[in-house]
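A.B. asks: Add 173 to the 1-based position in the sequence shown for the working numbering, that's all there is to it. Every residue gets a Cβ at the ideal spot worked out from N, C-alpha and C, and that includes glycine. A single structure is presented below for examination.
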Amino acid sequence: ANGFVYGSLLDDVGDGVEVIESKDGGKVWDSIVVDSMAVKNLATDSSGKVIYGMARKGIGGESYLYRSKNGGESWSKVYTFSPPKGAVSSCPDPYFGLTLVVDPKNSSNLSLICFGVYYSDDGGETWKLTIEDKKTEALPVSFTAVKDVLYARDIDTLFVSKDFGKTWTKKKSTISLFQ
Numbered sequence: 174a175n176g177f178v179y180g181s182l183l184d185d186v187g188d189g190v191e192v193i194e195s196k197d198g199g200k201v202w203d204s205i206v207v208d209s210m211a212v213k214n215l216a217t218d219s220s221g222k223v224i225y226g227m228a229r230k231g232i233g234g235e236s237y238l239y240r241s242k243n244g245g246e247s248w249s250k251v252y253t254f255s256p257p258k259g260a261v262s263s264c265p266d267p268y269f270g271l272t273l274v275v276d277p278k279n280s281s282n283l284s285l286i287c288f289g290v291y292y293s294d295d296g297g298e299t300w301k302l303t304i305e306d307k308k309t310e311a312l313p314v315s316f317t318a319v320k321d322v323l324y325a326r327d328i329d330t331l332f333v334s335k336d337f338g339k340t341w342t343k344k345k346s347t348i349s350l351f352q
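Okay, here's the thing in structure tokens:
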């Protein structure tokens, strides 16, 4: 829709993956940088015009959700996620895969893995914790969307949402990610 091509690469400072873009069909690539931070995770609506990007200040620092309503030409900060006390990682952690998804039927509905699983129905302005990060319970590490069903998975548990992340059903999996 907007002629952009997106990709990702491992950055040169060991801080994870960063999202790159090409505005000329792949001849020249640049990192997507917002407020001097590289975007680490990207999700678009079905039109490609509304884009959400996650960026963070270093490992263990605050993470920020940005939104572009014009296909990536300009960005605005929508929300700040502060790590819980004692956290040793940051969100997004793109080593694990897709951590931010946009509902293809409604670009205001988002699901995000960031020290828990969160759902927003207002384009990221407010969030509801839908799967809590407890020490005794494994936390999903990535999302997969198939038709109208969103799946989140950790090492041995599958979470299923039929309302794109608003509510979840927890299912024990017989297949481990690390088998």
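Can you look up Ser334 in the DSSP assignment and give me helix, strand or coil?
C.D. replies: Strand.
A.B. asks: What separation, rounded to the nearest whole angstrom, lies between the Cα atoms of Glu235 and Glu298?
C.D. replies: So the alpha carbons of these two residues sit roughly 16 angstroms apart.
A.B. asks: I'd like to know whether the C-beta atoms of Lys335 and Val322 end up nearer to each other than 8 angstroms.
C.D. replies: In contact: Lys335 and Val322 (Cβ atoms closer than 8 angstroms).
A.B. asks: Closer than 7 angstroms by C-beta to Val207: which residues in its own chain qualify, once you throw out the five before and the five after it? Chain order, please.
C.D. replies: Closer than 7 angstroms at the Cβ level, and outside the excluded window around Val207, lie Gly226, Ala228, Tyr239 and Trp248.
A.B. asks: Would you kindly work out how many angstroms separate the C-alpha atoms of Val333 and Thr217, rounded to a whole number?
C.D. replies: Going by the C-alpha atoms only, they are around 21 angstroms apart.
A.B. asks: Is DSSP giving Lys343 helix, strand or coil here?
C.D. replies: In this structure, Lys343 counts as strand in the three-state DSSP scheme.
A.B. asks: With DSSP collapsed to three states, give me the class of Lys278.
C.D. replies: In this structure, Lys278 counts as coil in the three-state DSSP scheme.
A.B. asks: Name the DSSP beta bridge partners of Val212, please?
C.D. replies: Paired residue(s): Ala228.
A.B. asks: Kindly indicate which three-state DSSP category Phe254 falls into: helix, strand or coil?
C.D. replies: Three-state result, Phe254: strand.
A.B. asks: Taking the alpha-carbon of Ser293 as reference, which of Ile193, Asp203, Glu194 and Val251 has the nearest alpha-carbon?
C.D. replies: For the residues Ile193, Asp203, Glu194 and Val251, the minimum Cα distance to Ser293 belongs to Val251.
A.B. asks: Would a C-beta distance cut-off of 8 angstroms place Ala325 and Phe337 closer than the cut-off?
C.D. replies: Not in contact: Ala325 and Phe337 (Cβ atoms no closer than 8 angstroms).
A.B. asks: Would you report the Cα separation of Leu283 and Lys200, rounded to the nearest angstrom?
C.D. replies: Cα to Cα, the separation comes out at about 32 angstroms.
A.B. asks: If we count the other Cβ atoms within 10 Å of its Cβ and call it buried at 16 or more, is Lys213 buried or exposed?
C.D. replies: Buried.
A.B. asks: What distance in whole Å lies between the Cβ atoms of Gly198 and Lys222, which are believed to be in contact at a cut-off of 8 angstroms?
C.D. replies: Not quite, the Cβ-Cβ distance comes to about 19 angstroms (not below 8 angstroms), so this is no contact.
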